[in-house]
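Position 102, counted from 1, in the sequence shown is what the working numbering calls 102; the numbers after and before it change by one each time, with no gaps. All residues carry an ideal CB built from backbone N, CA and C; glycine is no exception. These notes are about the structure you will find just below.
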Amino acid sequence: MGSRKPMKLNLGMAPKVIFIMMLDVLATVVSFFLGLWFRYDFSFAEIRPVHMEGFLSAIGLWCVITLLVFWIFRLYNSIWAFVSTPEVFRITGAYVVLGVIGVLVFHFDGNLMPRSSMVVGFLFSFVSTVTIRFSYRLLRTAQRRISHFTHANGVKNVMLIGAGDAGRALAVEFTNSDHIQDHLSCVIDDNPVKWNKQLCGVPIVGGRQDIATAVKKYKISKIIL
């Protein structure tokens with residue numbers, strides 16, 4: 001029987017992973033504080049001392065639990081790849097587990113924090129987790145496009161043949177790799193259902209009969225099969 005491969009952390013990625021973990025901790029703290037603040041009509045002075053003490057005593061443990069659950073669900077791997085539906089499902093799964101843990105560990109104790117503030121904080125935390133990961137993806141895309149403009153003389157426009165799983169993997173590599181300087185300009189696929197759609201943000205411009213036209217239109221210097 002095959003055994004599941006253990007999760008490994010690429011040492012080159014460690015600083016980025018630690019940075020994202022720090023963002024997750026910050027987002028968790030801010031989210032649950034906003035939930036408490038929201039419960040008291042955005043008035044810090046109105047927050048009952050017992051609820052502020054409950055927040056301060058619980059938030060550290062909750063951050064640790066959150067990081068552990070995120071690690072188990074591999075949320076510190078998906079941020080470097082193309083963030084799509086499977087990654088959102090993993091985030092959702094992580095929050096389902098966190099919700100169960102929250103009920104079992106904290107029992108939504110009103111003396112700890114008001115239940116409504118915990119629910120609102122939980123929702124804010126979910127939104128922030130998704131935002132952090134999609135923001136990273138958007139920033140990486142923007143960074144690469146700026147790099148293409150500033151190093152235009154050395155950048156080659158590339159055409160990718162095939163929009164299947166292998167094509168998607170290559171498109172992800174072009175989008176996220178720090179070592180690839182060429183620009184993936186367009187994709188060709190013989191399936192007409194995919195035409196005029198996008199693969200990781202790259203337009204699928206037609207089938208093999210459109211290769212010559214696309215080469216001229218996008219000034220293609222390299223074709224990858």
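- Counting along the chain, the unbroken beta strand (DSSP E) around S185 starts and ends at H183 to I188.
- Residue burial is scored here from C-beta neighbours: V205 has at least 16 other C-beta atoms within 10 angstroms and is therefore classed as buried.
- With at least 16 other beta carbons inside 10 angstroms of its own, T28 counts as buried.
- In the three-state scheme derived from DSSP, where H, G and I count as helix and E and B as strand, V29 is classed as helix.
- When DSSP reads this structure, K217 sits in no beta bridge, so it has no partner.
- The C-beta separation of R133 from E87 comes to about 7 Å, placing the pair in contact by the 8 Å criterion.
- For the 7 Å CB-CB criterion, V187 and L199 form a contact.
- In the DSSP assignment, K222 is bridged to V158.
- Note: I204 is bridge-paired with V187 in the DSSP secondary-structure output.
- Counting along the chain, A58 sits inside the alpha helix (DSSP H) bounded by residues P49 to I72.
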